[in-house]
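Everything in the sequence shown is counted per my numbering, starting at 564 for the first residue and increasing by one. The beta carbon of each residue, even a glycine, is placed where N, CA and C say it ideally should be. Note that this is a predicted model, so its numbers are computed, not measured. Heads up, the thing below is written out as structure tokens.
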Amino acid sequence: MTDIRVKICGLRTEADVAAVAAAGAHYAGFVFFPKSPRHVTIAEARTLALAAPVGLAKVALTVDADDALLDAITESVPLDMMQLHGYESPDRVAEVRARYGLPVMKAVGVADEGDLAAIFDYATVADQLLIDAKPPRNADLPGGNGLSFDWRLVAQRRWLRPWMLAGGLTPDNVAEAIRLTNARQVDVSSGVESAPGQKDPARIAAFTRAAQRPSGFRMPG
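Okay, structure coming up:
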């Protein structure tokens, strides 16, 4: 096994949480965004978070949420990290981090070289960065679209904060993505589903195994 850390996002049931824990993943993500097929209510998220075993970090994903929503989430759901996945400014990231006293991971969408500058801006205020595929114009969802980007844009890059690779990852391509980019953390949502919002335990296990394979390992053909 390697030291690659795996985040499975968009969990909706206790069975999802159990599958993530059994696979040996490190982060469990709960989505608070009504447009998403992976959306959970605060009450549902609380139940899921309480079902998570010790050692599985619980992450709340929100999209341009105001303080009222974040207050409600943090007051009810035991969390280890907040993930801001909208158009939050660096100042807003700093505000959220100070207000709640939780580590904050900021998602940054990447489509071309010009998008990389924002990563440096957010690296000064966020605890972690999630580098995702930039959503298409007018897309309903800011992430979880199953889209990837040119991994060469971030290959061997170094930023001030730990970062996580996301966007179109699957059990079939995650090992190659890690090899090319040298990412030490990876995030997946739609890539381990049998249908939108329906997590597949077998795919969760396969993704985690593939991500944590020793570098250079190749499945026998």
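Out of the options, which has the shortest C-alpha to C-alpha gap to residue i?
i	options	result
residue 631	753, 613, 605 and 618	605
residue 720	672, 766, 694 and 688	694
residue 571	765, 609, 624 and 590	590
residue 646	654, 600, 627 and 639	627
residue 509	586, 597 and 711	Because residue 509 is not part of the residues shown, which for the chain are 564 to 784, the question remains open.
residue 732	666, 771 and 765	771
residue 643	649, 629, 674 and 660	660
residue 756	597, 734 and 688	734
residue 724	750, 666, 674 and 737	666
If you count every other CB in all the chains shown that lies within 10 Å of the CB of residue i, and 16 or more means buried, which is it?
i	result
residue 706	A caution first: residue 706 carries a pLDDT of 49, below 50, which makes its placement in the model too unreliable to give a value.
residue 580	buried
residue 762	buried
residue 683	exposed
residue 623	buried
residue 611	buried
residue 650	exposed
residue 664	exposed
residue 621	buried
residue 669	buried
residue 715	exposed
residue 750	buried
According to DSSP, is residue i part of a helix, a strand, or is it coil?
i	result
residue 733	coil
residue 634	helix
residue 591	strand
residue 676	helix
residue 651	coil
residue 568	strand
residue 671	strand
residue 706	In this prediction, residue 706 has a pLDDT of 49, which is less than 50 and means its spatial position is unreliable; what the coordinates show is noted afterwards. Correct three-state label for residue 706: coil.
residue 752	coil
Just confirm the distance between the C-beta atoms of residue i and residue j, as a whole number of angstroms; I'd bet it's less than 8 Å.
i	j	result
residue 510	residue 603	Beyond the ends of the chain as shown, which are 564 and 784, falls residue 510; an answer cannot be given.
Please confirm whether any heavy atom of the ligand GDP lies closer than 7 Å to the CB of residue i.
i	result
residue 690	With respect to the ligand GDP, the structure offers nothing, as it holds no ligand at all.
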